[in-house]
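Visitor: Quick one: structure below, then a few questions.
6 protein chains.
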Amino acid sequence: MRINERKTNQLRPVHIETEYIIHPEGSVLISVGDTKVICNASIEDRVPPFMRGEGKGWVTAEYAMLPRATGTRNIRESSKGKVSGRTMEIQRLIGRALRAVVDLEKIGERTVWIDCDVIQADGGTRTASITGAFVAMVLAFGKLMDSGVMKEMPIHDYLAAISVGVLPDGTEILDLQYEEDSQAHVDMNIVMTGNGEFVEVQGTGEEATFSMSQLQTMFGLAEQGIKELITIQKEAIGKWAEVIQSTKSGE
Amino acid sequence: MRINERKTNQLRPVHIETEYIIHPEGSVLISVGDTKVICNASIEDRVPPFMRGEGKGWVTAEYAMLPRATGTRNIRESSKGKVSGRTMEIQRLIGRALRAVVDLEKIGERTVWIDCDVIQADGGTRTASITGAFVAMVLAFGKLMDSGVMKEMPIHDYLAAISVGVLPDGTEILDLQYEEDSQAHVDMNIVMTGNGEFVEVQGTGEEATFSMSQLQTMFGLAEQGIKELITIQKEAIGKWAEVIQSTKSGE
Amino acid sequence: MRINERKTNQLRPVHIETEYIIHPEGSVLISVGDTKVICNASIEDRVPPFMRGEGKGWVTAEYAMLPRATGTRNIRESSKGKVSGRTMEIQRLIGRALRAVVDLEKIGERTVWIDCDVIQADGGTRTASITGAFVAMVLAFGKLMDSGVMKEMPIHDYLAAISVGVLPDGTEILDLQYEEDSQAHVDMNIVMTGNGEFVEVQGTGEEATFSMSQLQTMFGLAEQGIKELITIQKEAIGKWAEVIQSTKSGE
Amino acid sequence: MRINERKTNQLRPVHIETEYIIHPEGSVLISVGDTKVICNASIEDRVPPFMRGEGKGWVTAEYAMLPRATGTRNIRESSKGKVSGRTMEIQRLIGRALRAVVDLEKIGERTVWIDCDVIQADGGTRTASITGAFVAMVLAFGKLMDSGVMKEMPIHDYLAAISVGVLPDGTEILDLQYEEDSQAHVDMNIVMTGNGEFVEVQGTGEEATFSMSQLQTMFGLAEQGIKELITIQKEAIGKWAEVIQSTKSGE
Amino acid sequence: MRINERKTNQLRPVHIETEYIIHPEGSVLISVGDTKVICNASIEDRVPPFMRGEGKGWVTAEYAMLPRATGTRNIRESSKGKVSGRTMEIQRLIGRALRAVVDLEKIGERTVWIDCDVIQADGGTRTASITGAFVAMVLAFGKLMDSGVMKEMPIHDYLAAISVGVLPDGTEILDLQYEEDSQAHVDMNIVMTGNGEFVEVQGTGEEATFSMSQLQTMFGLAEQGIKELITIQKEAIGKWAEVIQSTKSGE
Amino acid sequence: MRINERKTNQLRPVHIETEYIIHPEGSVLISVGDTKVICNASIEDRVPPFMRGEGKGWVTAEYAMLPRATGTRNIRESSKGKVSGRTMEIQRLIGRALRAVVDLEKIGERTVWIDCDVIQADGGTRTASITGAFVAMVLAFGKLMDSGVMKEMPIHDYLAAISVGVLPDGTEILDLQYEEDSQAHVDMNIVMTGNGEFVEVQGTGEEATFSMSQLQTMFGLAEQGIKELITIQKEAIGKWAEVIQSTKSGE
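Chains as they are written, first to last, in full-length UniProt numbering: chain A, 1 to 251; chain B, 1 to 251; chain C, 1 to 251; chain D, 1 to 251; chain E, 1 to 251; chain F, 1 to 251.
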């Protein structure tokens, strides 16, 4: 039995609060258990130099943690003067994942900046960031559609992410919280679309290895967890859910 | 008349939510109008190298803004690889101000890390940070007293901060929000104690100057505003209010 | 049909030249087609500060490319003053992968520094680095055993890595060279042990997604490719192959 | 009684040597007691990118100390690879203060670079820098007027700065030298114009607080000290004194 | 007698392997005894900003060592985040030396990037870099001539470099290997042209001094060594040797 | 004929003002024509970590220019966040040169920090720095001898430096000022001892070469110039001149 009597295939409670910060075009606070991430989407009317003149847009992401989002205080990356390898990995992952469901041509020459700032961490911050960032991005595009700047929703499918892993006793579990994560032998993050297609699969044995059969069980857990997350995303985006649905069908 | 029909000597609505983040020893979310700052106080059981062996503690502060706390997105200081002059000024100010009401000897060889992270900005972020950080710090010391680690509250007075300024038409006003701040000819931040003593006075003519008489009017506005802030702080710290009061009388 | 009439499940020619550089404890030049990586293993008689006194060792890796390892010249990371996110990801991957087959307790308080320097690149540089680094590390440990400093080989299994991917026409292929990699819809790197267990699975849709069935086909290709690589590693490590075999059986 | 029998309201001897360095448009060596600062003003025929096309100029300042300007050697900021918070605060202060008396429109699209390099320090380096920089800037503009490049003196008033403070025994004093500064309970820097208007007021309790009455006494000391400094500035700028006077009267 | 029975005026075995890396316009691996340097020449079709529009080209060099090119592992300069003074000195030397025999006007607005990467070090890495880089540069220009992009060889003379020094017993020697270099009292690097003219003379007493007579002996040794190196360069550049000869005669 | 009717073998006027800054153990302002350098010598009672416990001292140097020491303003290296290659070369040269005449054993475990800050530049700043730094260092050691901390002068000979060069018309000249330096075909810096021994010889063809005969003429000019500089140094160090003389004779 897991902490708080969670079942192996059970997500922690997930809440997505929209319009959390007033300034960004799209803003949500996502909570997955005690993990809380502010996801802001900002739209800038230009693209990076290497993309100018191509008529396409770009989606990029940044990720950070408040120093005391965790049990012991971390030194700020701005004070250290450099971004850690872990942070870079995560922000590259978030940006890449989101781009898989966006039609960059439909954005026009705009950059979507996704900022995921973890204010409280209890495991699964990168997957919560992706799940929340998707909603913030949809809302930001929605704002541009409402104001007539954008003609169609440049998103052709849902996107959510979750972690799966293997406990020391061999049990495969869904949605690891920090205490589980720190003892797991395998840690895997999976990003999938509403269509059930994979976008990212990142599995790591932590000074351990894992078998093909364990891998398959983890895929099953993840698939189910992501379906549940997408249901929650649909509620959060409200009227835009229908628009994405129709875009998707049209493909 | 000011925006939202505020009077010249009227604070914006101020709220202090305690126990905001679960990990830090003390944590508050302070809102001053639309300005929102997470203030976390972390206690570390050692002091910086230059203070070791002196039996005294230290209080230091860091300040940052989320990239989209403001109307347009700012580049992250971690991405730029350096902390801006403005940030340094503010975090030095916060730490210095707090140290004025703390008995560093009573802390023992511990460091209090204050993290002020602005999640939404509408003017007055540095003064809101000081006002909120004071509460977070009291709560952190309170936690150590509750657990028996600390014998007495090492704080001998209240501390709060507010901005005052002069509008282009010459009116002196209290608690400038962003729109006012960006057009003000004079911008002054004042930090005071519960005793009505000054800790910091920082007044700047923005490509303008100010007279002795304007200065005196601003002092008056600040004094009254800070009294109101301290009343709100007292409610937020609950049972510790009494302890600070008695310490203060004992001096 | 692939470039040079390669079959979908066919590795490029792989060569591992040992004792390539004279100074390091272990040194190989691995060539996988036109990809060439110098893998040096250095043994330092101490561990990082956070591990001191635990009686365990550590394995860490660094990765770099010569500026002109690629078709157009890249700016040196030393000139830029920072290591890119891509480099960090790769060096973290290499270190983590190697640690999965090393008994850190058996190393004692030593650090194994793995340096993978790509002198010529044609796709698959990170997987070639892992495959070559494993050999360099075995040879370095072998040197310590020959000189009596180390009593047993602290490696309990083989380790190799390969890329698999999906071409735009949907074909799954093994060991992508640069031209294939740059057009592939899916790019996956897989690290496995001699036992056929997974150590890392990193699959990414490049502005695309992939299905469960494609994933399974790629796993099959990788499994076979890694078996072939381990055969080549065995030849390269010579007399130490037997030692690893017996260690492995003993588990 | 103060060191060297100085009175509480007495400045140290102040000298301003003009045309100190041959290359800059304006250059002075200012001595305030043992504090010596080289203040150079350089005029560049362009403005920072964010100001181009507005027809206005800009004034910016940099401040540094030689490593051995002080009793013990400081590490060079160039060696540390970053500018300290203290340095940033000071150079932002100098630039802001100077801009308060300059008509940026009259400069045209030019940047005035003020470099204040402390070669010997004994307290009050930032206020000496402002007082000296004002003279260097006037001389630089004078050079442009002499050569016909500039039509009128773009300065509408004098500007000088001084420190005031409170000693542990409660005495308020003018112009603190290092030994006094290091024990003072309050340290305040004041920048004023020839008209007696304030430009900056920065007062700090050093782990102490100060009362309204102390504040008023310090304002009085500063006002008188700044008058004396402006008299010395007038002599230093020679023929340009008259020009500033007339400009000022014209307002 | 020297190590390996070398005579005082004897070079170590020198080999220059051309077309070593496939991507660069010119690429050689130069070995001088156990010192091995990959020298790549890349031609970029533009010049640095400060040279645009002048119709001239530029030659610039970068130098680095693999971490384990030496007996003990060096920290990567990319990890340290800055290039050492030694590296800067060497890469400035290489670029300056090469420019002495290149007609920058004949290159047109192109930049020649020389990358010297030491993969194994045993003394004399900077002189081996210059000697090898000259060949890589000639081959790169040759490639442009073969493809018709460049009309004439923009090189008017040969260029090679060697070290000379004084052993503790006062013997002057040619081409110091690491063991000799580390004990030498004087270390001198000399760069000369095919005409026997000097390009660079850099002699340093290592906590020692040297006389005029020792200096003259070292010049003699260097002159002879450089002649031998140029003979080896001629073989390496093949058909281009004749072209340089005729250009040279034409002067 | 040279600028100001200087002869080819004529130094510019040289002045060395001692006790220039009050804080350092040794401090001089050296002027060579319009080149002015503040040379401070600071003695620290410890050595760098790599030298601890060896009973020896160390001499190290730093060099910088004020931004407006030159005709156009240079960006501060502290603002750029890194020290340029040129600066590194020069400070390494100064330290190395000084160490050639110091008995590091006689210093004990102390570090001598030499700071050369160019306040006005007109060519020859690195050689003026060495010549001035020698005097500052002698005075610093003298101070330690006067106070009884040091028993004997740890310097066994004089040390001075000068530039020589070749003008476009082929004339060899001594002590190049900026205008000459910027057009010279050859630029050479020579450091010699009172004994007439070489410490450093650094000659560079600036996109040009030079012959053996030119080299010899330059050596002659330098030798004579350095003798004159040493005479001026002797006057500057006063009573310590005799001490160095006797130390030198004793060898």
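Cβ atoms here follow ideal geometry from the backbone N, Cα and C, with glycine treated the same way.
Could you say which of D/M150, D/I162, D/H15 and D/E179 lies nearest to D/K106 if we only look at CA atoms?
Guide: Answer by Cα proximity: D/M150.
Visitor: How is the alpha helix (DSSP H) around E/E179 delimited, first residue to last?
Guide: Run containing E/E179: Y178 to D181, per the alpha helix (DSSP H) assignment.
Visitor: Residues of chain F with a CB under 7 Å from the CB of E/G194: which are they?
Guide: Result: empty, since nearest Cβ-Cβ is about 11 Å, beyond 7 Å.
Visitor: Considering only their Cβ atoms, is the gap separating D/L98 from D/W58 smaller than 8 Å?
Guide: No.
Visitor: List, in order along the chain, the chain D residues whose C-beta lies closer than 9 Å to that of B/R2?
Guide: What B/R2 touches in chain D: nothing, since even the nearest Cβ is about 24 Å away.
Visitor: Going by C-alpha to C-alpha distance, which of B/G132, B/E54 and B/A184 sits closest to B/G170?
Guide: Out of B/G132, B/E54 and B/A184, B/A184 has the C-alpha closest to the C-alpha of B/G170.
Visitor: For a test of the three-state rule: what should DSSP assign to B/E251, helix, strand or coil?
Guide: In this prediction, B/E251 scores a pLDDT of 45, lower than 50, which makes its location untrustworthy; the coordinate-derived value is nonetheless stated afterwards. In this structure, B/E251 counts as coil in the three-state DSSP scheme.
Visitor: Would you tell me roughly how many angstroms separate the C-alpha atoms of C/E207 and A/Q91, rounded to the nearest one?
Guide: If you take the alpha carbons of C/E207 and A/Q91, they lie about 16 Å apart.
Visitor: Mind checking whether E/F134 and E/P154 have CB atoms under 8 Å apart?
Guide: Cβ distance not < 8 Å, so E/F134 and E/P154 don't count as in contact.
Visitor: Rounded to whole angstroms, what is the Cα-Cα separation between A/L176 and D/G53?
Guide: Going from the Cα of A/L176 to the Cα of D/G53 covers about 56 Å.
Visitor: For B/N4, count neighbouring Cβ atoms within 10 angstroms of its own Cβ and tell me buried if that reaches 16, exposed if not.
Guide: Classification for B/N4: exposed.
Visitor: Determine, using beta carbons only, whether A/R76 comes closer than 8 Å to chain B.
Guide: Output row for A/R76: interface = yes.
Visitor: Could you check what DSSP says for C/S79 in three-state terms: helix, strand or coil?
Guide: Note: C/S79 maps to helix in three-state DSSP.
Visitor: Can you check whether the C-beta of D/G81 is within less than 8 Å of a C-beta belonging to chain F?
Guide: Yes - at least one Cβ of chain F is within 8 Å of the one on D/G81.
Visitor: Quick check: C/V164 and C/M137, are their CB atoms within less than 8 Å of each other?
Guide: Contact: no.
Visitor: Between which two residues does the alpha helix (DSSP H) holding F/S211 run?
Guide: Element bounds for F/S211: n/a, residue is neither H nor E.
Visitor: Step through the CB atoms of chain F and report whether any lies within less than 8 Å of the CB of D/N189.
Guide: Judged by the 8 Å Cβ criterion, D/N189 is not in contact with chain F.
Visitor: At 9 Å on the CB atoms, spell out the chain A contacts of C/I212, in chain order.
Guide: As written in the sequence, residue 212 of chain C is Met, which differs from the Ile given in the question. Going along chain A in sequence order, the residues near C/M212 (Cβ under 9 Å) are G196, E197, F198, F219 and E223.
Visitor: Bridge partners of F/I190, per DSSP?
Guide: In DSSP, F/I190 forms a bridge with F/I162 and F/V201.
Visitor: Could you compute how far the alpha carbon of C/A201 sits from the alpha carbon of A/G33?
Guide: It should be noted that the sequence gives Val, not Ala, for residue 201 of chain C. Looking at the two C-alpha atoms, the distance is approximately 27 Å.
Visitor: With D/M65 as the anchor, note down where its beta strand (DSSP E) starts and where it stops.
Guide: Run containing D/M65: W58 to M65, per the beta strand (DSSP E) assignment.
Visitor: With 8 Å set as the bound, which would you pick, yes or no: does the beta-carbon of C/E89 sit closer than that to a beta-carbon of chain A?
Guide: Closer than 8 Å: yes.
Visitor: Report the residue from F/I244, F/L174, F/S182 and F/D187 whose alpha carbon sits nearest the alpha carbon of F/T8.
Guide: Nearest option by C-alpha distance: F/L174.
Visitor: Hey, is the region 226 to 243 of chain B in contact with the region 209 to 227 of chain D, meaning 3+ C-beta pairs nearer than 8 Å?
Guide: Taking 8 Å as the limit for Cβ pairs, the verdict is that the region 209 to 227 of chain D does not touch the region 226 to 243 of chain B.
Visitor: If you draw a straight line from the C-alpha of A/R110 to the C-alpha of A/R46, how long is it?
Guide: Each residue's Cα considered, the two are about 5 Å apart.
Visitor: Less than 8 Å between the C-beta atoms of C/I114 and C/A41, yes or no?
Guide: Contact: yes.
Visitor: So, with DSSP's three-state summary, where would you put E/S27?
Guide: Strand at E/S27.
Visitor: What would DSSP say about B/Q91, mapped onto helix, strand or coil?
Guide: In this structure, B/Q91 counts as helix in the three-state DSSP scheme.
Visitor: How long is the line joining the alpha carbons of D/N195 and D/I30, rounded to whole angstroms?
Guide: Approximately 23 Å, taken between the alpha carbons.
Visitor: Apply the 10 Å Cβ neighbour rule to E/T72 and answer buried if 16 or more other Cβ atoms are within range, or exposed otherwise.
Guide: By the 10 Å Cβ count, E/T72 comes out exposed.
Visitor: Pull up the distance between the alpha-carbon of E/P13 and that of E/V37, whole angstroms please.
Guide: Cα-Cα distance, rounded: 14 Å.
Visitor: Compare the beta carbon distance of E/P67 and C/E62 with 8 Å and say whether it is the shorter of the two.
Guide: For E/P67 and C/E62, yes; Cβs fall inside 8 Å.
Visitor: On a Cα-Cα basis, can you pick out the residue from E/C39, E/I22 and E/R2 that is closest to E/H15?
Guide: Closest by alpha carbon: E/C39.
Visitor: Name the DSSP beta bridge partners of E/Q120, please?
Guide: In the DSSP output, where bridge partners are listed per residue, E/Q120 has E/K36.
Visitor: Does the separation of the CB atoms of D/R126 and D/L167 fall below 8 Å?
Guide: For D/R126 and D/L167, no; Cβs fall outside 8 Å.
Visitor: Return the chain-ordered list of same chain residues with a C-beta closer than 6 Å to the C-beta of F/E77, the five sequence neighbours on each side being excluded.
Guide: Contacts found: V83.
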